[in-house]
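Number of protein chains: 2
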Amino acid sequence: MHFAKKFKQTLRETNSHLVVGLDTDVSKIPVFMKSSVNPIAEFNNLVIEATKEFACGYKLNIAFYERAIDSGFAAIRSSLAAIPENLITIADAKRGDIENTTELYAQAFLDELGFDSITVQPYMGQDSARPFLRRKNKFVWILALTSNYGANDFQFLQVGKQPLWEIVVEKAISWNEHKTGFVFGASHTKEISKMTKNLPEVPLLIPGIGAQKGSLEKTINALNHNLFVINQSRSIIYAAPKAENAEEFKAIVGEAAMKARDEINGFLMIKK
Amino acid sequence: MHFAKKFKQTLRETNSHLVVGLDTDVSKIPVFMKSSVNPIAEFNNLVIEATKEFACGYKLNIAFYERAIDSGFAAIRSSLAAIPENLITIADAKRGDIENTTELYAQAFLDELGFDSITVQPYMGQDSARPFLRRKNKFVWILALTSNYGANDFQFLQVGKQPLWEIVVEKAISWNEHKTGFVFGASHTKEISKMTKNLPEVPLLIPGIGAQKGSLEKTINALNHNLFVINQSRSIIYAAPKAENAEEFKAIVGEAAMKARDEINGFLMIKK
């Protein structure tokens, strides 16, 4: 199924805009899991079990899995196998290279591992997106306006009358408007408002809530369409650092996810 | 030793500006190696043995190793172990993320695997470089003007009087001028000339010769300093597709590397 169609269907079916970020740092895993053969895989499996009824999808930042070197890919595989088929999966890889090389990233993340979608760096231009876009049911999230302080270095540079991020959006849309969404940090409310007004059919992936301190209410109010997902990681997956067994862990982490989902929906409902 | 110092010393000691790109595609490995436990590792070891007296360093494009999924990191480890200590190593990862996440990439590539240096995407700003720059003897190669056709999408955008790539260079230099070099595709001779004139102490990593059709002579003539390395991959590592044993393979690949090194040095000597 075309990702855009799956995306809308999943948002509807799950009644959730919450993407749980599986940014799993082995040093933060509760003690009771540490003796596992693959602690990251074990941790993720429990998080997925606890949160799958509250999330519309999962985002794995690949850096955490590369840091695990030899056990990283095994953990990715097992996590993806545990995620229900109808939920969306995002490889937060922020990849980008010349076309022949990007093709290999597409083979690894989209074909072999089977992620639905992937985050992409725009700097090298269309080569960095095209191989991903060639896959029938896959999707790219191009970095537009990111949540970190370094966003101020280049993303707001004025090119004629427009800031760079806007030119990135317009150009990327021209590569394939049906298979492209964008990453906007939650605190960029003015730009999110403008973006979602001008491009009502283009999905947004929004990080930067929670530990990164964006205001959820202001972000929700800025959105002019509902094709968005909000990523939260640390406030959910690390909600139970002292849990002593799987049941306790899942109860606490599940509740954190439920609250996060409800908080987003609550602000959506009271929007004027 | 500070990378900048090692860099100059290695260029001098090896009398070579050739970096061999270990962009190893398992489908292009000669038949006699395919039954090896880790064909990519085997292939790389033979290439390194054959070329180490002609190269100043090696660049591994990480996409090729991610494509190998489970055996990729083992191949990286074994390749790095085979590369002589005095030669420079480059993780062509083109990574970049928020600071805490980039720190994990630094731990993986620079600390754990032990690469000297890494290529970096500039779009997210200084967060994408700082963790790498914090490591004492390490170095970053920031993408400035790349060799692919997509370079035309954003890198030449006019920001006031300057193109975007120039702003990227100026800004990145301000983060740490002693530990930062830049990637310039070989065909961008006008910009290479300007860059190396204005910043005579800043190293360049130059891909895009060989299969990507840059002109080596024009590129060499454009350079106004000698702190550069030229990456060549396919024309060297795939020079012996029909080799039937290790000795034959190494003889052919070694000769291709020697010729590449000599060609660069030849053009350097006859420069006016």
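Chains X and V are the protein sequences, given in the same order. The first sequence begins at 1 in my numbering and counts up one residue at a time. The second sequence begins at 1 in my numbering and counts up one residue at a time. Where is the CB? At the ideal position from N, CA and C, for every residue including glycine. Treat the numbers as computed from the prediction; the structure is a model and nothing was measured.
Apart from the five residues on each side of it in sequence, which residues of its chain come closer than 6 Å, Cβ to Cβ, to A240 (chain V)?
Result list for A240 (chain V): F249, I252 and V253, in chain order.
Three or more C-beta pairs under 8 Å: does that hold for the segment 33 to 47 of chain V against the segment 74 to 83 of chain V?
Flag = yes, the segment 33 to 47 of chain V and the segment 74 to 83 of chain V touch.
Kindly list the residues whose CB is nearer than 8 Å to the CB of A273 (chain V), restricted to its own chain and excluding five residues on each side of it in sequence; keep chain order.
Not covered by the structure: residue 273 (chain V). The range shown for chain V is 1 to 272.
Flag this pair as yes or no: are the beta carbons of G21 (chain V) and N265 (chain V) separated by less than 8 Å?
Against a cut-off of 8 Å, the Cβ pair of N265 (chain V) and G21 (chain V) comes out as no contact.
Have a look at V:P207, V:E244, V:K218 and V:N245 and flag the residue whose alpha-carbon is nearest the alpha-carbon of K271 (chain V).
Considering only alpha carbons, the answer is V:K218.
Just to confirm, is the Cβ distance from T119 (chain V) to A144 (chain V) under 8 Å?
No, they are not a contact pair.
Round the Cβ separation of A129 (chain V) and W175 (chain V) to the nearest angstrom and send it over; I've been treating them as touching at under 8 Å.
Sure, about 6 Å apart at Cβ, within 8 Å.
List, in order along the chain, the chain X residues whose C-beta lies closer than 7 Å to that of Q126 (chain V)?
G150 and D153, listed in chain order.
Tell me the rounded alpha-carbon separation between N86 (chain X) and P84 (chain V).
Looking at the two C-alpha atoms, the distance is approximately 50 Å.
Beta-carbon of N61 (chain X) versus every beta-carbon of chain V: anything under 8 Å?
So yes, N61 (chain X) belongs to the interface.
Taking the continuous beta strand (DSSP E) assigned at G92 (chain X), which residues delimit it?
What sits at residue 92 (chain X) in the sequence shown is Asp, not Gly. I88 to R95 is the extent of the beta strand (DSSP E) around D92 (chain X).
Residues of chain X with CB under 9 Å from Y58 (chain V), in chain order?
Going along chain X, no residue has its Cβ under 9 Å from Y58 (chain V), so there is no contact; the nearest lies around 17 Å.
Could you pull the start and end residues of the alpha helix (DSSP H) that G254 (chain X) belongs to?
From DSSP, the alpha helix (DSSP H) with G254 (chain X) extends over A246 to I270.
Short of 8 Å in beta carbon distance, which residues of its chain neighbour V183 (chain X), apart from the five on each side in sequence? Order them along the chain.
Excluding sequence neighbours, V183 (chain X) sits near T119, W141, I142, L143, A144, L145, T146, L204, L205, I206 and P207.
Given a cut-off of 8 Å, decide if V159 (chain X) and V19 (chain X) are closer than it, judged by their beta-carbon atoms.
The answer is no: Cβ separation not under 8 Å.
Sort V:G210, V:S235 and V:T196 by Cα distance to L223 (chain V) and report the nearest one.
The shortest Cα separation from L223 (chain V) among V:G210, V:S235 and V:T196 belongs to V:T196.
Could you work out which residue in X:E49, X:L11, X:F7 and X:Q9 is closest to I237 (chain X) when comparing CA atoms only?
With distances taken between Cα atoms, I237 (chain X) lies closest to X:E49.
Start and end of the beta strand (DSSP E) containing N221 (chain X)?
Taken as a continuous stretch (DSSP letters only), N221 (chain X) belongs to no beta strand (DSSP E), being part of the alpha helix (DSSP H) at L216 to A222.
Buried or exposed: where does D116 (chain V) fall if 16 or more other Cβ atoms within 10 Å of its Cβ makes it buried?
Answer is buried; the Cβ neighbour count reaches 16.
Report the CB separation of F3 (chain X) from Y123 (chain V) in whole angstroms; it is logged as a contact under 8 Å.
Not a contact, Cβ separation roughly 23 Å.
Would you decide whether P131 (chain X) is buried or exposed? Buried here means 16 or more other CB atoms lie within 10 Å of its CB.
Answer is buried; the Cβ neighbour count reaches 16.
List the endpoints of the continuous beta strand (DSSP E) containing A144 (chain X).
Segment F139 to L145, the beta strand (DSSP E) holding A144 (chain X).
Can you tell me where the alpha helix (DSSP H) with V229 (chain V) in it begins and where it stops?
Careful: V229 (chain V) lies outside any alpha helix (DSSP H), inside the beta strand (DSSP E) at F228 to Q232.
Could you check whether E66 (chain V) and A108 (chain X) sit closer than 8 Å to each other, using their CB atoms as the reference points?
Yes.
What does the alpha-carbon distance come out to for the pair N152 (chain V) and A68 (chain X)?
For N152 (chain V) and A68 (chain X), the distance between alpha carbons rounds to 36 Å.
Below 9 Å on C-beta distance, what does F64 (chain V) contact in chain B?
Among the chains of the structure shown, chain B does not appear; the protein chains present are X and V.
Where R261 (chain V) and L46 (chain V) are concerned, what is the direct C-alpha to C-alpha distance, given to the nearest angstrom?
Those two C-alpha atoms are separated by around 18 Å.
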